[in-house]
Amino acid sequence: MSDRNCGECTLCCKLMGVPELKKPSAKWCASCDQGKGCSIYEERPQSCRNFQCFWLMDENFPDEFRPDRIHALAAFNDVKDSCVLHVDPAKPRAMGSPEVQALTDALLKAYSKVFFLCGKESAMMQR
Numbered sequence: 001m002s003d004r005n006c007g008e009c010t011l012c013c014k015l016m017g018v019p020e021l022k023k024p025s026a027k028w029c030a031s032c033d034q035g036k037g038c039s040i041y042e043e044r045p046q047s048c049r050n051f052q053c054f055w056l057m058d059e060n061f062p063d064e065f066r067p068d069r070i071h072a073l074a075a076f077n078d079v080k081d082s083c084v085l086h087v088d089p090a091k092p093r094a095m096g097s098p099e100v101q102a103l104t105d106a107l108l109k110a111y112s113k114v115f116f117l118c119g120k121e122s123a124m125m126q127r
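Mapping of the sequence shown onto UniProt numbering: residues 1 to 127, in sequence order.
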């Protein structure tokens, strides 16, 4: 585990769906104080507690890959040997950025499949 913290990044509060709150993905959570954090952190739902941001977990991820800087975050997936790269639909050009391309290349070295979600759009890359 890494000693990192979210800092000003709250992108997961936008990109991740939260079934317990009926919060859809790609919409800001009503409990998010953007740039500061969750206003109900101590009482946050189980799906929020279960979420693990790869950037937070792995200090080998460069600082410039912090999700709010690249407008994308990598997370675990339910499909074996895969992960998901959630891209902010408000920043669709992020997919073509050098940082997201480098992150995708790194993820494909660790996982056979990377699923991409950008709002209602989805894709998959396989090594």
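Using N, Cα and C, we set each Cβ at its ideal position, and we do this for glycine too.
**Asked** Cβ of M16 within 9 Å of Cβ of S39?
**Response** Here the question's residue 16 lines up with position 16 in the sequence shown. Here the question's residue 39 lines up with position 39 in the sequence shown. Not a contact, by the Cβ cut-off of 9 Å.
**Prompt:** To which residues does DSSP link A74 through a beta bridge?
**Reply:** Numbered from its first residue, the sequence shown carries residue 74 at position 74. Its beta-bridge partners are L85.
**Request:** Report the partner residues of Q126 according to the DSSP bridge assignment.
**Result:** Taking the first residue of the sequence shown as 1, we reach residue 126 at position 126. Q126 is bridged to K113.
**Request:** Give the single residue among K36, P62 and P45 whose Cα lies nearest to the Cα of A106.
**Result:** Locating residue 106 in the sequence shown gives position 106, counting from the first residue. For the residues K36, P62 and P45, the minimum Cα distance to A106 belongs to P62.
**Asked** Among R69, R127 and F76, which one has its Cα closest to the Cα of R93?
**Response** For this step, residue 93 is matched to residue 93 along the sequence shown. Among R69, R127 and F76, the Cα nearest to that of R93 belongs to R69.
**Message:** By alpha-carbon positions, which one of W28, D3 and P19 ends up nearest to T10?
**Reply:** Counting from one through the sequence shown, the residue named residue 10 turns up at place 10. Checking every option, the nearest Cα to that of T10 belongs to W28.
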